[in-house]
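Student:
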Amino acid sequence: MSKVIVANDHGAVELSASIVDYLKSLGYEVDWLGTKTEDSVDYPDVAKLACKKFLQGGYEFGVLCCGTGIGISISANKIKGIRCALPQNCYAARMTKEHNHANFIAFGGRIDYPEDPLKMLKAYIDQEPSTEPRHLNRITKMMALEND
Ligand code: RB5
Numbered sequence: 305m306s307k308v309i310v311a312n313d314h315g316a317v318e319l320s321a322s323i324v325d326y327l328k329s330l331g332y333e334v335d336w337l338g339t340k341t342e343d344s345v346d347y348p349d350v351a352k353l354a355c356k357k358f359l360q361g362g363y364e365f366g367v368l369c370c371g372t373g374i375g376i377s378i379s380a381n382k383i384k385g386i387r388c389a390l391p392q393n394c395y396a397a398r399m400t401k402e403h404n405h406a407n408f409i410a411f412g413g414r415i416d417y418p419e420d421p422l423k424m425l426k427a428y429i430d431q432e433p434s435t436e437p438r439h440l441n442r443i444t445k446m447m448a449l450e451n452d
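If you're matching positions, the sequence shown starts at 305 in this note's numbering and goes up one per residue.
In structure tokens, the structure reads:
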């Protein structure tokens, strides 16, 4: 069974719970590291906890949620080895797996998405990462920015 991480701040408790349930219904083993109450927590702390655990290995991908998805995705992308996408729709969710090999996907619990975030998540899951050299080259360049 594939393992995934889900983590969130207080701005996305309900969305994260639905994501956890959905991932379980797809057969994933889910480590839910997020807060389950509306009490305020800091999204950089949540991102750090989830990303460090992910980098220990054994996870297929991670999902991060905050009010907008913005703060937690920016925070995650500060951590070496993380490529966290914040897709606008199913197309972007699919493309970020194919072209960017995103290992985390983020959503906003207070965002009115044009498409169901669960459908966006499924689009990301179902997409194979591209092995085309031009994409691999760009990802290598992207990750090299961590050392500039
Ligand atoms: C918390 O109020 C909120 O700032 C956070 O969830 C997120 O939207 C930040 O980007």
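Positions of the beta carbon are idealized from the N, C-alpha and C atoms, including for glycine.
These numbers were taken from a predicted model, which means no experiment stands behind them.
Between the Cα of Pro348 and the Cα atoms of Cys369, Glu333, Gly361, which residue gives the shortest distance?
Tutor: Cys369
Student: Beta carbon of Cys370: closer than 7 angstroms to some heavy atom of the ligand RB5?
Tutor: Correct: Cys370 has its Cβ closer than 7 angstroms to the ligand RB5.
Student: Of the residues Gly315, Ala448, Ala389, Gln360, which one's Cα is nearest the Cα of Asp343?
Tutor: Gly315
Student: With distances taken from CA atoms, which of Ser320, Glu364, Val317, Asp452 is nearest Gly331?
Tutor: Glu364
Student: When you compare the segment 437-446 with the segment 412-429, are there three or more beta-carbon pairs, one atom per stretch, that lie closer than 8 angstroms?
Tutor: no
Student: Are the segment 315-330 and the segment 367-382 touching, with three or more C-beta to C-beta distances below 8 angstroms?
Tutor: Contact holds: three or more Cβ-Cβ distances are below 8 angstroms.
Student: Let me confirm a value: Gly338 is counted as buried when at least 16 other C-beta atoms fall within 10 Å, else exposed. Which label applies?
Tutor: With 16 or more other CB atoms across the displayed protein chains lying within 10 angstroms of its CB, Gly338 is buried.
Student: Between the alpha carbons of Met399 and Arg387, how many angstroms are there, rounded?
Tutor: 13 angstroms
Student: Consider the C-beta atom of Gly375 and the heavy atoms of the ligand RB5; say whether any pair is separated by less than 7 angstroms.
Tutor: yes
Student: Thinking C-alpha only, which one of Lys401, Tyr428, Lys426, Phe411 is nearest Thr267?
Tutor: Nothing about residue 267 can be reported from this structure: the residues present for the chain run from 305 to 452 only.
Student: Starting from the Cα of Gly366, find the closest Cα among Thr444, Leu425, Ser322 and give me that residue.
Tutor: Leu425
Student: Taking the C-alpha atoms as reference points, what is the distance between Met447 and Ile378?
Tutor: 15 angstroms
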